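**Q**
Protein chains: 2
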Amino acid sequence: MKKFTKIKSPPMGHRKVRIIPLGGVEEIGRNMTIVEYENDIVIIDAGLQFPEEETPGIDYIIPNTKYLETKKDRIRCIIISHGHLDHVGAIPYLMNMIGNPLIYTTRLTKAMILKRQEEFPHAPKLRIEEVKPGQKIKISKNLRLKFFGITHTIPDAIGSAIETPLGNIIYPGDFKIERDNKGNPLHIKQFVELGKEKNLLLLMESTNSEQAGFSISEKTVQENLERIFKEAKGRIIIGTFASLIERIIEISKIAEKLGRKVIIDGYSIKSNIEISRELGIFSPKKDLFVPVESIDDYPSEKIVAVCTGAQGEEKAAMMRIANRKHKHIKIRNGDTIILSSSIIPGNERSIQNLKDNLARQGAKIIHYKVADVHASGHAYQEELKLMVKMTRPRFFIPVHGYYFMLKTNSDLAQSVGVPAENIAVPMNNGVIIETDGKKIYPLKETVPANYVMVDGLGVGDVREIVLRDRQMLAQDGIFVVITVIDSQTGKVKNSPDIISRGFIYLRESQELLHQTRQLIRRTVEEATGKMHPINMAYVKELLVEKIGKFLFQKTKRRPMVLTVLIEV
Amino acid sequence: MKKFTKIKSPPMGHRKVRIIPLGGVEEIGRNMTIVEYENDIVIIDAGLQFPEEETPGIDYIIPNTKYLETKKDRIRCIIISHGHLDHVGAIPYLMNMIGNPLIYTTRLTKAMILKRQEEFPHAPKLRIEEVKPGQKIKISKNLRLKFFGITHTIPDAIGSAIETPLGNIIYPGDFKIERDNKGNPLHIKQFVELGKEKNLLLLMESTNSEQAGFSISEKTVQENLERIFKEAKGRIIIGTFASLIERIIEISKIAEKLGRKVIIDGYSIKSNIEISRELGIFSPKKDLFVPVESIDDYPSEKIVAVCTGAQGEEKAAMMRIANRKHKHIKIRNGDTIILSSSIIPGNERSIQNLKDNLARQGAKIIHYKVADVHASGHAYQEELKLMVKMTRPRFFIPVHGYYFMLKTNSDLAQSVGVPAENIAVPMNNGVIIETDGKKIYPLKETVPANYVMVDGLGVGDVREIVLRDRQMLAQDGIFVVITVIDSQTGKVKNSPDIISRGFIYLRESQELLHQTRQLIRRTVEEATGKMHPINMAYVKELLVEKIGKFLFQKTKRRPMVLTVLIEV
Numbered sequence: 001m002k003k004f005t006k007i008k009s010p011p012m013g014h015r016k017v018r019i020i021p022l023g024g025v026e027e028i029g030r031n032m033t034i035v036e037y038e039n040d041i042v043i044i045d046a047g048l049q050f051p052e053e054e055t056p057g058i059d060y061i062i063p064n065t066k067y068l069e070t071k072k073d074r075i076r077c078i079i080i081s082h083g084h085l086d087h088v089g090a091i092p093y094l095m096n097m098i099g100n101p102l103i104y105t106t107r108l109t110k111a112m113i114l115k116r117q118e119e120f121p122h123a124p125k126l127r128i129e130e131v132k133p134g135q136k137i138k139i140s141k142n143l144r145l146k147f148f149g150i151t152h153t154i155p156d157a158i159g160s161a162i163e164t165p166l167g168n169i170i171y172p173g174d175f176k177i178e179r180d181n182k183g184n185p186l187h188i189k190q191f192v193e194l195g196k197e198k199n200l201l202l203l204m205e206s207t208n209s210e211q212a213g214f215s216i217s218e219k220t221v222q223e224n225l226e227r228i229f230k231e232a233k234g235r236i237i238i239g240t241f242a243s244l245i246e247r248i249i250e251i252s253k254i255a256e257k258l259g260r261k262v263i264i265d266g267y268s269i270k271s272n273i274e275i276s277r278e279l280g281i282f283s284p285k286k287d288l289f290v291p292v293e294s295i296d297d298y299p300s301e302k303i304v305a306v307c308t309g310a311q312g313e314e315k316a317a318m319m320r321i322a323n324r325k326h327k328h329i330k331i332r333n334g335d336t337i338i339l340s341s342s343i344i345p346g347n348e349r350s351i352q353n354l355k356d357n358l359a360r361q362g363a364k365i366i367h368y369k370v371a372d373v374h375a376s377g378h379a380y381q382e383e384l385k386l387m388v389k390m391t392r393p394r395f396f397i398p399v400h401g402y403y404f405m406l407k408t409n410s411d412l413a414q415s416v417g418v419p420a421e422n423i424a425v426p427m428n429n430g431v432i433i434e435t436d437g438k439k440i441y442p443l444k445e446t447v448p449a450n451y452v453m454v455d456g457l458g459v460g461d462v463r464e465i466v467l468r469d470r471q472m473l474a475q476d477g478i479f480v481v482i483t484v485i486d487s488q489t490g491k492v493k494n495s496p497d498i499i500s501r502g503f504i505y506l507r508e509s510q511e512l513l514h515q516t517r518q519l520i521r522r523t524v525e526e527a528t529g530k531m532h533p534i535n536m537a538y539v540k541e542l543l544v545e546k547i548g549k550f551l552f553q554k555t556k557r558r559p560m561v562l563t564v565l566i567e568v
Numbered sequence: 001m002k003k004f005t006k007i008k009s010p011p012m013g014h015r016k017v018r019i020i021p022l023g024g025v026e027e028i029g030r031n032m033t034i035v036e037y038e039n040d041i042v043i044i045d046a047g048l049q050f051p052e053e054e055t056p057g058i059d060y061i062i063p064n065t066k067y068l069e070t071k072k073d074r075i076r077c078i079i080i081s082h083g084h085l086d087h088v089g090a091i092p093y094l095m096n097m098i099g100n101p102l103i104y105t106t107r108l109t110k111a112m113i114l115k116r117q118e119e120f121p122h123a124p125k126l127r128i129e130e131v132k133p134g135q136k137i138k139i140s141k142n143l144r145l146k147f148f149g150i151t152h153t154i155p156d157a158i159g160s161a162i163e164t165p166l167g168n169i170i171y172p173g174d175f176k177i178e179r180d181n182k183g184n185p186l187h188i189k190q191f192v193e194l195g196k197e198k199n200l201l202l203l204m205e206s207t208n209s210e211q212a213g214f215s216i217s218e219k220t221v222q223e224n225l226e227r228i229f230k231e232a233k234g235r236i237i238i239g240t241f242a243s244l245i246e247r248i249i250e251i252s253k254i255a256e257k258l259g260r261k262v263i264i265d266g267y268s269i270k271s272n273i274e275i276s277r278e279l280g281i282f283s284p285k286k287d288l289f290v291p292v293e294s295i296d297d298y299p300s301e302k303i304v305a306v307c308t309g310a311q312g313e314e315k316a317a318m319m320r321i322a323n324r325k326h327k328h329i330k331i332r333n334g335d336t337i338i339l340s341s342s343i344i345p346g347n348e349r350s351i352q353n354l355k356d357n358l359a360r361q362g363a364k365i366i367h368y369k370v371a372d373v374h375a376s377g378h379a380y381q382e383e384l385k386l387m388v389k390m391t392r393p394r395f396f397i398p399v400h401g402y403y404f405m406l407k408t409n410s411d412l413a414q415s416v417g418v419p420a421e422n423i424a425v426p427m428n429n430g431v432i433i434e435t436d437g438k439k440i441y442p443l444k445e446t447v448p449a450n451y452v453m454v455d456g457l458g459v460g461d462v463r464e465i466v467l468r469d470r471q472m473l474a475q476d477g478i479f480v481v482i483t484v485i486d487s488q489t490g491k492v493k494n495s496p497d498i499i500s501r502g503f504i505y506l507r508e509s510q511e512l513l514h515q516t517r518q519l520i521r522r523t524v525e526e527a528t529g530k531m532h533p534i535n536m537a538y539v540k541e542l543l544v545e546k547i548g549k550f551l552f553q554k555t556k557r558r559p560m561v562l563t564v565l566i567e568v
C-alpha cells in the first residue's frame with residue numbers, strides 16, 4: 001500500500017473506463033474482455049472454451065457477444081495477445097456478428113489465425129494488422145495502443161497497454177517471467193519503464209495464482225531434454241502439446257545439434273512448425289525433418305519423433321503408438337518416451353491409459369513427475385507479484401481463472417501494495433466494472449452473459465434443456481413406447497412397440513418387456529374406457545408415469561420414458 | 001539380490017500355489033484375490049470399483065466370480081483386510097454366488113460389513129469370525145492363517161499371511177508405515193519377525209508406488225490440525241472422507257481437548273463414528289457431539305463441524321454449505337474451512353466448484369496444497385521398499401493399481417533385491433499365476449474376467465452395448481421417427497411423428513423437422529412403390545440411413561436415429 005500512495009499521479013479526469021469480461025473469469029477459457037472509453041470500444045482476445053462434463057457432445061463454448069452486436073460502430077479494434085485457442089478460437093464464429101473489426105496482432109499469431117480461418121469458408125475475410133513490441137498506434141481521439149514483448153509457451157506473444165486519458169490499461173496476456181541462472185528475472189526492463197507511466201489498471205491472468213514461488217524456467221526444461229537426449233541410446237519419442245511451439249522448436253534445435261533427425265507426427269504440430277519456418281521464426285537445416293514413413297531408414301540413435309497426444313487423446317499419434325495402431329512407429333526395447341506436458345484436469349484417466357500401454361511395450365517413460373521435462377507457461381505467485389510491483393497500477397482486476405484463483409490473485413496484488421478497495425474481482429455474469437480513475441465499482445446493469453455453445457454447425461442453438469437431456473440419457477438411457485389405439489373402441493391394437501437404448505439389454509429382458517406391454521394395454525384401456533372422446537394428452541401422461549414407476553420398481557433405474565399414441 | 005541368495009531356505013516341495021487376482025490389478029478398486037493350494041481356496045478381500053467416464057450410469061463394478069462359483073466346496077474362507085468399500089463393497093452382491101463362505105476379519109471391519117449388509121435384506125446372513133493381530137488359525141490340513149497389525153486410515157486394518165507348505169503368502173493390504181519424530185519407522189517389529197520365516201510371496205499394494213520418499217505422517221496432519229484449531233477464532237468446518245475414520249476420531253479428540261463441541265454432518269461419517277463408539281475404539285465425553293440443528297446455540301469458537309463432501313459431491317453436506325442450501329450451516333466471516341482430503345482424479349472440477357463457492361462467501365479455506373492437512377493412507381516408495389526388505393519374500397506380485405503403478409512397484413522390489421524373474425506383474429484378464437516354489441509363471445489358461453456391473457437392482461445385466469448406447473446418447477442425443485404406412489398403397493398416412501431428445505432444440509428447428517418429414521415421406525413412398533409385399537425391414541434400414549445423413553449434413557451432429565414403421 002505504501003508504494004501506491006507514493007506514486008505521484010495528477011488528478012483523474014471525469015471521464016470513465018469500463019471493463020466488461022465476456023469470458024475467462026470464474027472459468028478457464030474463452031478469454032475475451034471489452035475495454036470501453038466513452039465512444040470507443042477495444043476488445044482484447046476472442047477465445048474459446050473446451051466442453052466439460054456438464055456439456056456433453058458440445059464442441060466449444062464461446063463468449064456471448066450480444067452486447068457488442070448493438071455497438072458495432074464503436075468497436076475500434078481487437079487486440080489478440082497470442083495464438084492459443086483460448087485466446088483466438090472464437091474468431092471464426094463471432095467476427096461476423098460484431099462487424100468484422102480490425103485485428104491487431106503479431107506476425108505468427110496472424111498466420112495462425114488465418115490458417116485456422118481456412119476451415120471456415122463462409123466466414124468473412126479478416127482484416128489483420130501486424131504489430132511488434134515497442135510499437136504505438138493511435139486508434140481514436142482518446143485512445144492509443146502500445147505493445148510489449150512477453151514470454152509464453154508460444155513465440156510472438158505480445159502484451160498491450162491501452163492509453164486512455166485516465167491512464168494505461170495494461171494486459172500482459174498469458175505470461176511467465178524467465179530468469180537467469182542466478183534467479184534474476186529477464187526481459188523486465190520494459191515493464192519497469194512502463195511502471196513509470198500513469199497506469200490506471202492491470203488486467204492480469206490468474207491461472208497459476210495458487211502456485212507458490214517461481215515457475216520452472218523453460219530453459220531448465222530445455223537443458224533437461226538435452227541431457228536426456230544425450231543419454232538415450234535408442235529412439236526418443238516425445239509427446240507434447242501442439243500449442244507449445246516454443247518447446248517444439250527447441251527440441252528440433254537440440255536434435256539438430258546432436259545429429260538426430262526429427263519426425264513430426266500430428267497435424268497441428270506440423271502446421272505450427274510449418275508456419276514458424278515460413279515466417280523465419282525458426283530456420284532448421286533442410287534435411288532436419290524426415291517423414292514418419294522413413295523412421296526405419298535411420299538408426300535408432302538418430303531419431304527424435306515429436307507426437308501429439310500427450311493427454312491421451314484417442315486419435316492422436318501418441319495414443320495410436322500406445323495402442324499398437326500406429327502405422328509406422330512401433331515401440332521397441334531401448335526407446336525413451338518423454339511426456340513433455342502436464343496433466344490437464346479431467347485427463348488423468350486417459351493419460352494413465354497412455355502410460356500403461358506404453359509401459360506394457362517395454363518403453364522407458366520419463367514424465368514431469370520424474371524429471372523437469374515440462375514447465376507451465378503461466379506465471380506463479382512470485383512472477384505475478386513482480387508484474388504488479390513493476391507496473392504499479394492504481395487498480396487491479398484478476399482475469400483468467402476460476403473464482404478461487406481470481407481471489408488468490410487479488411490477495412497477491414494486495415500483498416504487494418494494491419489497496420483492497422482498488423481491486424475488483426469480476427464475476428462471470430456479464431458484470432460491467434467501471435472506474436472514474438478514483439474508485440472502481442461494478443455497475444448494477446450487466447450485459448448478456450449466458451453460454452453460447454458450438455455443436456457441429458450450430459452456434460448457440462444447443463440450450464440447457466438439450467444438455468440436460470443428454471446427461472439424463474447417459475445415466476439410464478431411453479425407453480420409447482408406441483401404442484396404436486383404435487379411436488372407435490379405445491382398445492390397443494396389436495402389441496405396443498417398445499424401443500429402448502442404454503437402459504437394459506433387451507434380449508435378456510423379455511419378461512420385463514412382456515409385463516410392460518401388459519401394463520400399457522391395461523393403463524390405456526382403463527383410461528379410454530370411460531372417455532368419449534379420448535383425451536390423448538391425458539392418456540400419454542398417465543402412461544409415462546405408470547411405465548416410469550414400473551421400470552424403477554423393477555430395476556431401480558430411471559430411463560427417459562417417451563410415449564407415442566397413434567389413433568387409427 | 002544379494003540379500004535373497006543369503007536366505008537359507010530348505011528345498012521347495014513339489015506342490016503348487018496359484019494366485020488369481022479377480023480385480024484390483026491394472027485398475028483401481030474391486031480388490032479381490034484368490035489364493036489356491038491344492039484343494040484349498042482362500043479369498044482375500046471382496047471390493048467394488050466406482051464407475052468411470054466409460055461406464056455412465058453404472059453404480060459399481062464388482063469382481064467376476066464365475067471361476068469360484070464352480071468351486072464353492074473348496075473355498076475355506078475370505079479374509080477381509082479392512083472396512084473400505086474397495087475391499088468389502090462387493091460382499092453383499094457376491095457372497096450368495098460363492099456359497100457364503102466364512103469371513104475372517106477384525107471387530108470394526110465386521111461391524112461395518114454387517115451395517116452395510118442391512119441395506120440388502122435379501123442377501124444371506126453372513127458368517128464372520130473376528131480375528132486379531134498375532135492370532136493363528138488352522139483352516140485346513142495344509143493351510144494356516146496368521147494376522148498382523150497394519151496402519152491405514154481406518155482403525156482395525158489387518159494384514160495376513162497364509163502359511164502353506166511352500167512358505168508364507170503375505171498380504172499387508174492397504175498400509176503405510178508411520179515414523180517417529182526422528183524419522184524411524186514404527187510398529188515394524190512384527191514384520192522383521194515375519195521376515196525370519198520362510199516367505200514364499202508378497203502381494204503388495206501399488207497405489208503410491210510412483211510417489212518418492214515417505215508419505216506424510218498422520219501424526220503431522222494431526223499436529224497441523226491442532227495448530228489450526230488453536231489459531232482459529234471462529235467456527236471450524238472440516239470437509240473430509242467418511243472413510244478416514246482414524247482422522248475423524250483424532251479431530252474429535254482435539255476438539256474435546258480444546259473445549260469445542262463436535263457436529264457431525266453426513267450419514268456415513270455418523271455411522272462410522274457410532275460404530276467406533278459402540279466398539280469402544282473411541283470413548284469421547286458424553287456431550288462432545290451435538291446435533292447440527294444446535295450449531296447456533298454455541299459460540300463460534302466452541303464449534304467444529306465435520307462434514308462429508310470434500311470431493312464436491314453434489315448432495316453432501318459440504319456442497320450444500322457451499323451452495324447456501326444447508327439448513328443449519330451458513331458460512332460467515334471468521335469461519336475456517338479445512339478440506340482434509342486429497343483430490344481424487346476426476347473430481348478436480350467439482351472440488352474447484354466447492355472451493356469457489358465457499359470462498360465467495362468469505363470463508364478462509366485451508367486445503368492440502370496450503371498446509372499438510374491431509375496424508376495418504378498408502379505407502380510411498382520408501383515404505384514399499386521397507387516392507388519388501390523386512391519380509392524378504394522369494395516372489396513378488398504387485399497388486400492394487402494401474403499397470404504403470406504395478407510396474408513401478410515391481411521396479412522398487414527389484415531395487416531392494418527381488419530378482420526380476422521372481423516377480424510377476426499380473427494382468428487384468430483373469431490371469432492365473434502359479435509357483436512351484438522355484439519359479440513363478442502365468443498359466444496359459446485364464447479365468448472369466450469380464451466386468452460385472454451393478455446398476456440399480458441389476459447385477460451383470462448391463463452389457464457393453466448398453467454402455468455404448470449411453471455414451472452415444474450423451475454425445476448427440478436421439479431422433480425417433482414413427483411412420484404409419486398404409487399397407488395397401490404403401491403411402492405414408494398423416495405426418496410422421498418425430499421425437500427427439502438431446503439433439504437440437506426442436507421448437508426452434510421447425511424448418512429442419514419439416515424437411516425431415518418430407519424426406520421420410522419421399523423415401524418410404526419411393527421404396528414401397530416398387531414393392532409387393534412391402535419389405536418393412538428394408539424400408540426401415542433405408543430410412544435410418546437417409547435421415548442420419550440428412551441430419552449430419554444439416555447440423556454436423558450424429559444423433560442415434562431410430563425408426564418405427566406401423567402398418568395399418
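First to last, the sequence lines map onto chains S and B.
Position 215 of the first sequence, counting from 1, maps to 215 under this note's numbering, and the rest follow consecutively.
Position 159 of the second sequence, counting from 1, maps to 159 under this note's numbering, and the rest follow consecutively.
Ideal Cβ positions, reconstructed from N, Cα and C, are used throughout, including at glycine.
Computed from a predicted model, the values in this text were never measured in an experiment.
Buried or exposed: where does Pro92 (chain S) fall if 16 or more other Cβ atoms within 10 Å of its Cβ makes it buried?
**A** Within the first sequence, residue 92 (chain S) is the residue found at index 92, counting from 1. The residue in question, Pro92 (chain S), is buried, as its Cβ has 16 or more Cβ neighbours within 10 Å.
**Q** Just the C-alpha distance for Lys261 (chain B) and Lys327 (chain B), rounded to the nearest angstrom, thanks.
**A** As a first step, residue 261 (chain B) must be located in the second sequence, where it is residue number 261. As a first step, residue 327 (chain B) must be located in the second sequence, where it is residue number 327. So the alpha carbons of these two residues sit roughly 19 Å apart.
**Q** Who are the Cβ neighbours of Glu445 (chain B) in its own chain at under 7 Å, not counting the five residues just before and after it?
**A** For this step, residue 445 (chain B) is matched to residue 445 along the second sequence. So the qualifying residues of the chain are Ile432.
**Q** Can Gly502 (chain B) and Leu473 (chain S) be called in contact, C-beta distance under 8 Å?
**A** To locate residue 502 (chain B), count along the second sequence from 1; it is residue 502. To locate residue 473 (chain S), count along the first sequence from 1; it is residue 473. A contact, by the Cβ cut-off of 8 Å.
**Q** Less than 8 Å between CB atoms is the rule here; does Thr109 (chain B) satisfy it with respect to chain S?
**A** Working through the second sequence from its first residue, we reach residue 109 (chain B) at position 109. Taking Cβ atoms only, chain S never reaches closer than 8 Å to Thr109 (chain B), which makes this a no.
**Q** Using the beta-carbon of each residue, which ones in chain B are nearer than 7 Å to Lys407 (chain S)?
**A** The sequence position of residue 407 (chain S) within the first sequence is 407, counting from 1. Residues of chain B passing the Cβ test: Ala359.
**Q** In this structure, does DSSP put Val192 (chain S) in helix, strand or coil?
**A** Residue 192 (chain S) sits at position 192 when you count from the first residue of the first sequence. Here Val192 (chain S) sits in helix by DSSP.
**Q** With a CB to CB cut of under 6 Å and the five nearest residues on each side skipped, what residues in its chain are close to Gly477 (chain S)?
**A** Start at 1 with the first residue of the first sequence, and residue 477 (chain S) comes out as number 477. Hits under 6 Å: Arg501, Gly502, Phe503 and Pro559.
**Q** Report the residue from B:Ile20, B:Met32, B:Gly29 and B:Gly57 whose alpha carbon sits nearest the alpha carbon of Gln471 (chain B).
**A** Taking the first residue of the second sequence as 1, we reach residue 471 (chain B) at position 471. When each option's Cα is compared against that of Gln471 (chain B), the closest is B:Gly57.
**Q** For chain S, check one thing: does any of its Cβ atoms lie closer than 8 Å to the Cβ of Gln475 (chain B)?
**A** Counted from its first residue, the second sequence places residue 475 (chain B) at position 475. Yes, because at least one Cβ of chain S sits closer than 8 Å to the Cβ of Gln475 (chain B).
**Q** Out of B:Asn142, B:Met112, B:Ala232 and B:Lys138, which has the shortest C-alpha to C-alpha gap to Ile128 (chain B)?
**A** Locating residue 128 (chain B) in the second sequence gives position 128, counting from the first residue. Minimum Cα distance to Ile128 (chain B) is reached at B:Met112.
**Q** Take Ser140 (chain S) and list the residues in its own chain whose beta-carbon comes closer than 7 Å to its own, dropping the five residues that flank it on each side.
**A** Locating residue 140 (chain S) in the first sequence gives position 140, counting from the first residue. Excluding positions up to five away in sequence, the list reads Asp40 and Arg76.
**Q** Alpha carbon to alpha carbon, how far is Ala46 (chain B) from Met95 (chain B)? Give it in angstroms, no decimals.
**A** Numbered from 1 along the second sequence, position 95 holds the residue referred to as residue 95 (chain B). Numbered from 1 along the second sequence, position 46 holds the residue referred to as residue 46 (chain B). Taking the straight line joining both Cα atoms gives about 9 Å.
**Q** Pro284 (chain B) to Ile245 (chain B), Cα distance in whole Å?
**A** Residue numbering aside, residue 284 (chain B) sits at position 284 when the second sequence is read from its first letter. Residue numbering aside, residue 245 (chain B) sits at position 245 when the second sequence is read from its first letter. So the two alpha carbons sit approximately 14 Å from each other.
**Q** For Ala212 (chain S), name the three-state secondary structure that DSSP assigns.
**A** Counted from its first residue, the first sequence places residue 212 (chain S) at position 212. Note: Ala212 (chain S) maps to coil in three-state DSSP.
**Q** So, with DSSP's three-state summary, where would you put Pro92 (chain S)?
**A** As a working mapping, residue 92 (chain S) is identified with position 92 in the first sequence. Looking at Pro92 (chain S) - three-state DSSP - the assignment turns out to be helix.
**Q** Please state if the CB of Ile331 (chain S) and the CB of Ala363 (chain S) are separated by a distance shorter than 8 Å.
**A** Position 363 of the first sequence, counting from 1, holds the residue named residue 363 (chain S). Position 331 of the first sequence, counting from 1, holds the residue named residue 331 (chain S). Closer than 8 Å, so yes.
**Q** Mark Ile465 (chain B) as exposed unless 16 or more other C-beta atoms lie within 10 angstroms of its C-beta, in which case mark it buried.
**A** Locating residue 465 (chain B) in the second sequence gives position 465, counting from the first residue. It counts as exposed.
**Q** In whole angstroms, give me the CA-to-CA distance for Asn409 (chain B) and Leu166 (chain B).
**A** As a first step, residue 409 (chain B) is located in the second sequence; it is residue number 409 there, counting from the start. As a first step, residue 166 (chain B) is located in the second sequence; it is residue number 166 there, counting from the start. Each residue's Cα considered, the two are about 24 Å apart.
**Q** Can you grab the Cα-Cα spacing for the pair Lys6 (chain B) / Glu197 (chain B), in whole Å?
**A** What you label residue 6 (chain B) is simply residue 6 of the second sequence in a count that begins at 1. What you label residue 197 (chain B) is simply residue 197 of the second sequence in a count that begins at 1. Residue placement at Lys6 (chain B) is flagged as unreliable, the pLDDT there being 34, under the threshold of 50; the coordinate-derived value follows with that caveat. If I take the Cα positions, the gap works out to 13 Å.
**Q** So is His187 (chain S) buried or exposed if we call it buried at 16+ other beta carbons inside 10 Å?
**A** Taking the first residue of the first sequence as position 1, residue 187 (chain S) is located at position 187. It counts as exposed.
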